[in-house]
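Here the structure comes first, spelled out in structure tokens, and everything after it is commentary.
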Amino acid sequence: MTDREVLPSKVRPRHYTLAIYDLNFTDFTFKGTVKIDLDVIGPAPVSDIQLNVRQIEVIQAGLALELTKTSTEIKVTDILNDEKAETVTLKLSEPLPVEAVSVALTIEFSGILNDKMAGFYRSKYSDAAGEDAYMYSTQFEATDARRAFPCFDEPSLKATFDFSITLPEEWTALSNMPEASSKVPEDGKKKGVAGTKLKTVTFATTPVMSTYLLAWAVGDFEYIEAFTDHLYNGKKIPVRVYTTKGLIKQGEFALQNAYKIVDYFSEIFEIDYVLPKVDLLAVHEFSHGAMENWGLITYRTTALLFDPETSDSKYKNRVAYVVAHELAHQWFGNLVTMEWWNDLWLNEGFATWVGWLAIDYLYPDWDVFAVFVSESLQGALGLDSLRQSHPIEVPVKSALDIDQIFDAISYLKGASSIRMISSHLGVKTFLKGVSKYLKKHAYGNARTKDLWDALGEASGVKVDVIMHDWITKIGFPVVSVTESESGVSVRQDRFLSTGDVKPEENETTWWVPLGVYTGDDVTAYSGVSTLSTREITLSGLSTSDFYKLNRNQTGVYRVNYPPARLTKLGQAPEKLSITDKVGLIADASSMALAGLGSTTGILGLLDGLQGEESYVVWSEIITRLQVLRSAWFEQPEAVKQGLAAFTCALVGPTVKKLGWEYKSDEDFLTVQLRSLLIGTAGMAGDPEIVAEAKKQFAAYVAGDKMAIYPDLRRAVFTIVLSQEDDTEEEATVAFDAVVKEVLQPTSVDGKEIALAALGRSKRPVLIQRALNMILSGQVAVQDLHSLAMSLAANPNSRWQLWEFLKQYWDGIYTLLSGNMVILDRFVRMSINRFSSMAAYNDIEKFFEGKDTHGYERSVGQALDTVKSLATWVERDGPVVEAWLKENGYLA
25 MTDREVLPSK VRPRHYTLAI YDLNFTDFTF KGTVKIDLDV IGPAPVSDIQ LNVRQIEVIQ
85 AGLALELTKT STEIKVTDIL NDEKAETVTL KLSEPLPVEA VSVALTIEFS GILNDKMAGF
145 YRSKYSDAAG EDAYMYSTQF EATDARRAFP CFDEPSLKAT FDFSITLPEE WTALSNMPEA
205 SSKVPEDGKK KGVAGTKLKT VTFATTPVMS TYLLAWAVGD FEYIEAFTDH LYNGKKIPVR
265 VYTTKGLIKQ GEFALQNAYK IVDYFSEIFE IDYVLPKVDL LAVHEFSHGA MENWGLITYR
325 TTALLFDPET SDSKYKNRVA YVVAHELAHQ WFGNLVTMEW WNDLWLNEGF ATWVGWLAID
385 YLYPDWDVFA VFVSESLQGA LGLDSLRQSH PIEVPVKSAL DIDQIFDAIS YLKGASSIRM
445 ISSHLGVKTF LKGVSKYLKK HAYGNARTKD LWDALGEASG VKVDVIMHDW ITKIGFPVVS
505 VTESESGVSV RQDRFLSTGD VKPEENETTW WVPLGVYTGD DVTAYSGVST LSTREITLSG
565 LSTSDFYKLN RNQTGVYRVN YPPARLTKLG QAPEKLSITD KVGLIADASS MALAGLGSTT
625 GILGLLDGLQ GEESYVVWSE IITRLQVLRS AWFEQPEAVK QGLAAFTCAL VGPTVKKLGW
685 EYKSDEDFLT VQLRSLLIGT AGMAGDPEIV AEAKKQFAAY VAGDKMAIYP DLRRAVFTIV
745 LSQEDDTEEE ATVAFDAVVK EVLQPTSVDG KEIALAALGR SKRPVLIQRA LNMILSGQVA
805 VQDLHSLAMS LAANPNSRWQ LWEFLKQYWD GIYTLLSGNM VILDRFVRMS INRFSSMAAY
865 NDIEKFFEGK DTHGYERSVG QALDTVKSLA TWVERDGPVV EAWLKENGYL A
């Protein structure tokens, strides 16, 4: 296809036999041999074969083939590399005949054990003795299998794999399938470090699968094991968590979840897990959160490991969910794979939704779908309200295009759309359709339409029709409510955070499930349930009634109520679910940002929620307040202090009620609420909270590591580092203590927590020290975005970070561009917090002449965000100041 950079379709792989050997742990190189059994597609005789390679040297290659009655060989006369296209072309001494019965292409090659977290790469860590050590593992999605061996690196070119690797005898080797044999290498030339005894481990043949799902790892590993409760082919499946030596106890929580989730998914998908084992491996350096390699799932350490004694309990939720998400992929993505990357959402959107479904099943008291509405749905709507967003199903041409769509649209809007249609059909019916889809396309590839067809067959609903625009069109609607003497009418238009939708941007008419709720299930509104035209009247709905649209926020849209209706809704909290409250706050805040609603109205709404007890609702309140305070960072000091005073007044009563002490019988969400509100009050300057944070921090630094409860480390570190009234010496001592936590973390999550605090100082000298760490090598590349995000969130360092980025751009680009996912994330998080046209123009000018391919979408989205925030501040700055004055927060 001309819209994709794909390999010629003259041949197709059927089976790979791949051997990796000569692992050199000094020069960080390796060698390998791959034999690929090919089918000749033709239609004409084939004179050359093209494969994908990147940073791989093809040493030699040749073909062996069988015709009807004879065997012969064809030599490769020329090896042509195209670095830009990431291909190698093998010119043949004679054409490969279409009628060949079997064809085997054998290639010898060498590669690099890189440090870019892509391909076959090395991860540095400190071993149990505190010495530097390495483990080696793979990360192939989306197009990095080609960094490890020559292959046909496209999702639809599925094949089976036999894999073997030669490694030090005392190490462990892992791959997708169980070990089939381990023996002394037959080839004496296969060597390791001088004096090291070697072994060659061979693994069982994989099912038919895509190259990006192949995986292997070698290192000094240990494991813990559990077994599924259900039987699969008469046996319980072993589920293991692997770590480097000394960390395995922290894998217990993940393991407790993993084996149960395998059974849960096997049951709800009505298809048994198909492999004979499940391995979960903690990788010390990792570009993503995790990767769903079939049978060998790899994870960032903070997404797999949890220590109940030292970890922030927030990571408990993260570990449980990421384990579930990746296990969902074993069916949805691995068993059935999207045909091409434009349907990436099929993998990621579904795995996100069903991952939360599994956690809701295991931990119903966590209220995860309320959290989903607050975090995932709002994340999706936030990005999709920008002009530089993209449709869920987005055209993808090259590898650099693919990396950029692993974003909130593919994951979160995709998951929110799945939640919307599953709620409309009913979850049981929806899962019946999913089961049909998986069974029909098992071991093959599929497109979005295939899922819609299966759901339609299960439900009798024309799912492809009602979901078409949600998947293929950019954006989402705002449903505006109008009340008059004749009743209530609703109208849909595209929503943009800038509030300036042009006619040509407002041509889509979405299918919108209205979800009208009247506060009483017995007498619920029985009129029109969906909006599929531009505007309708909701007959029989009186303006004197209580009503709310989009009950439980299952629809992927926002609602704009008249001010009087918004006030009425805020005065009836007992009639609203937690998710309804979250949606109300989020929608009203977004209307204010876009100029379609009132910023003072949202301040009044928040002011009325002081008595709220739900963590999820408070989380949404704090998020919206932080967006406002962050956007107002260049407003007069008195206004900023007024917003801080309002924040303290809002959270103060609940903070005092909760206190600092944790109780043994407290539920998970109460623990989260205390951490959230203490951090918020302290950062807003509450003197009692600041004093207690300083006291606990001083004891912690003095050696009492129990002085700060694990769930409060982030809050305490951040509060202490952000203080202005400390002496220079006190501020430096605190900064040095948090730097030590970065370099020598005392818990698995310690580094991330410390980095999140390190950028919060208000002193230019300490801000500069934090900036210098970006290029110092002290912070692992995988974690640099955490430091950048911390510096960008700090109004005092926001401009300093941007000036640093401009000044040292060449070094930053060199450091991060080996993995464009890392660079893209770093740039986006560094520049999207500004709220002035001066910043907009400076950012636009800086990137204007640069080759931004690979991160251009994020730059455009950041600029959209900055423009919307700038417009908001300019429009509503005076009215916010007036509101603060009227309500006693401003002298």
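The sequence shown begins at 25 in our numbering and counts up by one. Where is the CB? At the ideal position from N, CA and C, for every residue including glycine. All figures in this text were calculated on a predicted structure; none of them were measured in a lab.
Pick helix, strand or coil for D336, following the three-state DSSP scheme.
In the three-state scheme derived from DSSP, where H, G and I count as helix and E and B as strand, D336 is classed as coil.
Just the C-alpha distance for P69 and K115, rounded to the nearest angstrom, thanks.
Counting only the Cα atoms, K115 lies some 13 Å from P69.
For K213, does the three-state DSSP call read helix, strand or coil?
Its pLDDT being 49, under 50, K213 is placed unreliably by the model, and the measurement read from it follows with that caveat. K213 falls in the coil class under three-state DSSP.
Please report the straight-line C-alpha distance between V903 and T624, rounded to a whole angstrom.
In a straight line, the C-alpha of V903 is about 7 Å away from that of T624.
For K605 and N856, the rounded distance between their alpha carbons
Rounded to the nearest angstrom, the two C-alpha atoms are 27 Å apart.
Taking the Cβ atom as the reference point for each residue, do Y339 and D773 lie within a distance shorter than 7 Å?
Yes, Cβ-Cβ distance for Y339 and D773 is below 7 Å.
Around the C-beta of L181, are 16 or more other C-beta atoms found within 10 angstroms, so that it is buried, or is it exposed?
Classified as buried, L181 has 16 or more neighbouring CB atoms from the shown chains inside 10 Å of its CB.
Every unbroken alpha helix (DSSP H) within the segment 726 to 792, with a cutoff of 4 residues, ordered by chain
As far as the segment 726 to 792 is concerned, its whole alpha helix (DSSP H) runs of at least 4 residues are 737 to 745, 752 to 767, 774 to 782.
Looking at I368: is its Cβ nearer than 7 Å to the Cβ of I429?
Before going on, a small fix: residue 368 reads as Leu here, not Ile. Using a Cβ distance threshold of 7 Å, L368 and I429 count as a contacting pair.
Report the three-state DSSP secondary structure of V298 (helix, strand or coil).
Residue state, collapsed to three classes: coil.
Indicate the three-state DSSP secondary structure (helix, strand or coil) for Y385 in the structure shown.
Helix.
Taking buried to mean at least 16 other C-beta atoms within 10 Å of its own C-beta, is A781 buried or exposed?
By the neighbour-count criterion, in which 16 or more other beta carbons inside 10 Å mark a residue as buried, A781 falls on the buried side.
Specify whether the segment 318 to 327 and the segment 715 to 724 touch according to this definition: at least 3 beta carbon pairs, one from each stretch, less than 8 Å apart.
Contact annotation: the segment 318 to 327 does not touch the segment 715 to 724, with fewer than three C-beta pairs closer than 8 Å.
By the 10 Å Cβ neighbour count, where 16 or more other Cβ atoms means buried, how is T268 classified, buried or exposed?
T268 comes out buried.
Inter-residue Cα distance where the pair is K213 and T190:
Note on K213: pLDDT 49, under 50, position unreliable in the model; the coordinate value appears next. Between K213 and T190, the C-alpha separation is close to 11 Å.
Alpha-carbon to alpha-carbon, S161 and I136
For the pair I136 and S161, the Cα-to-Cα distance works out to about 12 Å.
In DSSP terms, what L89 is bridged to:
Partner(s): T96, V127.
Within its chain, find whatever has a CB closer than 6 Å to the CB of V420; leave out the 5 residues flanking it on each side and keep chain order.
Here V420 has W365, N366, I426 as same chain residues with Cβ atoms under 6 Å from its own Cβ, once five neighbours each way along the sequence are excluded.
Between the Cα of L815 and the Cα atoms of R793, S147, T96, G801, which residue gives the shortest distance?
Closest option to L815, judged by alpha-carbon separation, among R793, S147, T96, G801: R793.
Mind checking whether Q516 and L555 have CB atoms under 7 Å apart?
Closer than 7 Å, so yes.
Does DSSP put A668 in a helix, a strand or coil?
Correct three-state label for A668: helix.
Since S117 and T101 are thought to touch, with beta carbons under 8 Å apart, how far apart are those beta carbons, to the nearest angstrom?
Their Cβ separation, rounded to whole angstroms, is 5 Å, which keeps S117 and T101 in contact under 8 Å.
Measuring straight from C-alpha to C-alpha, what distance separates R899 and P586?
Approximately 20 Å, taken between the alpha carbons.
Between A778 and V725, how many whole angstroms is the CB-CB distance? I'm expecting something under 8 Å.
With a beta-carbon spacing of about 13 Å, A778 and V725 fall beyond the 8 Å limit used to define contacts.
Leaving out five residues before and five after D888 in sequence, what residues of the same chain have Cβ atoms less than 7 Å from its Cβ?
Once the five neighbours on either side are set aside, the close Cβ partners of D888 are L410, R411, Q412.
Output needed for Q74: all residues of its chain with C-beta closer than 6 Å, excluding positions within five of it in sequence on either side, in chain order.
These residues qualify, in order along the chain: L31, P32, T111, T113.
Helix, strand or coil: which one does DSSP assign to L914?
In the three-state DSSP reduction, L914 falls in the coil class, being neither helix nor strand.
Would you say V851 and Y832 are within 7 Å of each other, going by their C-beta atoms?
At a Cβ-Cβ threshold of 7 Å, V851 and Y832 do not count as neighbours.
Use the C-beta contact count for N865: other C-beta atoms within 10 angstroms, 16 or more gives buried, fewer gives exposed.
Within 10 angstroms of the beta-carbon of N865 lie fewer than 16 other beta-carbons, which makes it exposed.
In the DSSP output, what is K59 paired with across the bridge?
When DSSP reads this structure, K59 sits in a beta bridge with T41, T130.
Going by C-alpha distance, which of S688, A250, K301, V265 is nearest Y323?
Cα-wise, what sits closest to Y323 is V265.
Quick check: what's the CA-CA separation for F570 versus A596?
Going by the C-alpha atoms only, they are around 9 Å apart.
First and last residue of the alpha helix (DSSP H) that includes P587?
First-last of the alpha helix (DSSP H) with P587: 587 to 594.
What are the start and end residues of the alpha helix (DSSP H) that includes Y639?
Note, Y639: alpha helix (DSSP H), 639 to 655.
Would you be able to state if there are at least three C-beta pairs under 8 Å between the segment 679 to 697 and the segment 649 to 660?
With a cut-off of 8 Å on Cβ pairs, the segment 649 to 660 is not in contact with the segment 679 to 697, counting fewer than three such pairs.
What is the DSSP secondary structure of I602, reduced to helix, strand or coil?
Helix, per DSSP.
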